[in-house]
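Asks:
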Amino acid sequence: MAKEITSRAENYSQWYNDLVIKAGLADNSAVRGCMVIKPYGYAIWEKIQGVLDKMFKDTGHSNAYFPLLIPKSFFSKEASHVEGFAKECAVVTHYRLKNDPNGKGIVVDEDAKLEEELIIRPTSETIIWNTYKGWIQSYRDLPLLINQWANVVRWEMRTRLFLRTSEFLWQEGHTAHATQEEALEETYKMVNVYADFAENYMAVPVIKGVKTSNERFAGAIDTLCIEALMQDGKALQSGTSHFLGQNFSKAFDVKFTNKEGKLDYVWASSWGVSTRLMGALIMAHSDDNGLVLPPKLAPIQVVIVPIYNKPEQLAVISEKVLPLKKQLEEKGISVQFDVRDNFKPGYKFAEHELKGIPIRMAIGPRDVENNTLEIARRDTLEKKTIAFNETVDYVVTLLDEIQNNIFQKALKFREESTYKTDSYEEFKELLEKGGFILAHWDGTSETETLIKDETKATIRCIPFDNPLEEGKCIRTGNPSSQRVLFARAY
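The sequence shown begins at -1 in my numbering and counts up one residue at a time.
1. List the DSSP bridge partners of H172.
2. In the structure shown, what three-state DSSP assignment does Q244 receive?
3. Helix, strand or coil: how does DSSP classify T129 here?
4. Using a Cβ-Cβ cut-off of 8 Å (strictly less than) and excluding sequence neighbours within five positions of T185, which residues of its own chain qualify?
5. Apart from the five residues on each side of it in sequence, which residues of its chain come closer than 6 Å, Cβ to Cβ, to H59?
6. Report all residues from its chain with a CB closer than 8 Å to the CB of S136; omit the five preceding and five following residues, and keep chain order.
7. Rounded to the nearest angstrom, what separates E329 and N149 at their Cα positions?
8. Can you give me the Cβ contacts of K431 inside the same chain, cut-off strictly under 7 Å, excluding the 5 residues immediately before and after it?
9. Could you please give the first and the last residue of the uninterrupted alpha helix (DSSP H) stretch that includes Y186?
10. Under 8 Å, do T273 and W13 count as touching if we go by C-beta distance?
11. Where does D262 fall in DSSP's three states?
12. Taking Cβ positions, are A233 and A41 nearer each other than 8 Å?
13. Using only CA atoms, which one of G362, P321, L379, K324 lies nearest to A348?
14. So for I435, helix, strand or coil by DSSP?
15. On the CB-based measure, 16 or more other CB atoms within 10 Å of its CB, does Q406 come out buried or exposed?
16. Output the boundary residues of the beta strand (DSSP E) element that contains G207.
17. Quick check on G288: does DSSP put it in helix, strand or coil?
18. Please name the residue or residues paired with Y417 in a DSSP beta bridge.
19. Which residue or residues does DSSP assign as beta-bridge partners of F166?
20. Does the distance from the CB of L289 to the CB of L17 come in under 8 Å?
21. Got a sec, what are the start and stop residues for the alpha helix (DSSP H) L17 sits in?
22. Could you pull out every residue in the same chain whose Cβ sits closer than 8 Å to the Cβ of N190, ignoring the five residues on either side in sequence?
23. Grab the span of the alpha helix (DSSP H) containing M359 for me, first residue to last.
24. From I302 to F386, what does the alpha carbon distance come to, in whole angstroms?
25. Beta-carbon within less than 8 Å of K75's beta-carbon, same chain only, minus the 5 sequence neighbours each way: which residues are those?
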């Protein structure tokens, strides 16, 4: 099966596309720019969703759902927001179809034009803040901590499965607060939640930081982000958290009576991650043999493949394996006993390797006699023979070891692919190698745009942990007080 996948060295982009398709994660659809997420891909997304949903609820948030369709007039209420999304919006203009009187199928009924066009949500700030106006009257109604799991539509000209599609799945948190300090605390809290999830579940090391004004979310005062480095040396923005100030509460006239009895506008944050995380998961860890999944997000953590020639041999193996499967499941480990009789063991091995299942066990009649089985780990492809009575404890430990090893490998790659430079010529040379570059920038939007136009590199963020350091901008030579993180990005 690996022979059907283009190698990373040959063509990284094709490798990614091959892997998504061959591993059964997603497929292109009849709708240009939109994808079908297949069952195995959706199972991974459900794991991501389940962990994040618990993290959100553990930090006091509740789920709700808001309409897919948003009145066009709502977007005109916050100027920078509409400017940021205007070119990406899908617009609904009519509410009915009819049979073509000329017998040419179905046509739009020209008499069914909407009084006001509706926008298919590219994000939900406007509809949510219009709703919050009816929910918030007093400081007693605050904070309001709401999350939504939903789909959004943003027209895309150049699409790639999971990374950039016209429709995608995501969650969007929208919170309302009585004070600026509370809203800022929420903004930072949620970017830290995303970083925790990325590193401890996805096994993807990330850099937390603040976006520049050029890269900031439309309508935000500040945008915080986590940035990850993929194996081809490109950056992937993997989550954002926005401090919205009072921009949306003023646009939608959301006021509350504070503890002093005075009217004030509500303070806000919003934050989100999407199915783009699936792309990060694939590109950060996988190899030329297929997916490499961190155990904490693998739908199947252990697969057991019986090796037999006769049905009675399978019966003996099953008698041995089924109690083991139950013991592992009692430890919270997801196990598949692959007893399909229309595929040979070699095919199954290749398939499970392609799908990135962290641990594969193989057991035949001789293993039953010897009370052993063979265990192969997906991350290193190493195999080991283990005594049957030691298997449960060994697997529990091995899953943790695989999770940590995958993270450490990705961290080592990032550290080896992060550079510092004070020279614009060296900066351009380093970009061709790929990776993160810490360099000085004079703080102006004009210089940021100039560097982007000349090199296709963007400022990914101003890292939180970057110390102040006097220097000169790599492009203009003007004074700079801090290095920022540059990279070419998805």
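Where a beta carbon is used, it is the ideal one built from N, C-alpha and C, also for glycine.
Replies: Reading from the atomic positions:
1. I144, S268
2. coil
3. Under the three-state reduction of DSSP, T129 is assigned to helix.
4. D220, L222, S239, H240, F241, S267, W269
5. Exclusion of the five residues before and after H59 leaves L143, N145 as the residues of its chain whose Cβ lies within less than 6 Å of its Cβ.
6. F254, T255
7. The amino acid at residue 329 is misidentified as Glu; the sequence shows Lys. C-alpha separation (whole angstroms): 34 Å.
8. G231
9. Start and end: 178 to 198.
10. Against a cut-off of 8 Å, the Cβ pair of W13 and T273 comes out as no contact.
11. strand
12. no
13. L379
14. DSSP places I435 in strand when its eight states are reduced to three.
15. exposed
16. 205 to 208
17. strand
18. Residue pairing for Y417: DSSP places it in a beta bridge opposite I435.
19. Bridge partners of F166 according to DSSP: V150.
20. For the pair L289 and L17, the CB atoms are nearer than the 8 Å cut-off.
21. 10 to 20
22. Excluding sequence neighbours, N190 sits near K206.
23. Looking at the DSSP string, M359 is not in any alpha helix (DSSP H); the run it does join, the beta strand (DSSP E), is 357 to 361.
24. 13 Å
25. T124, A249, F250
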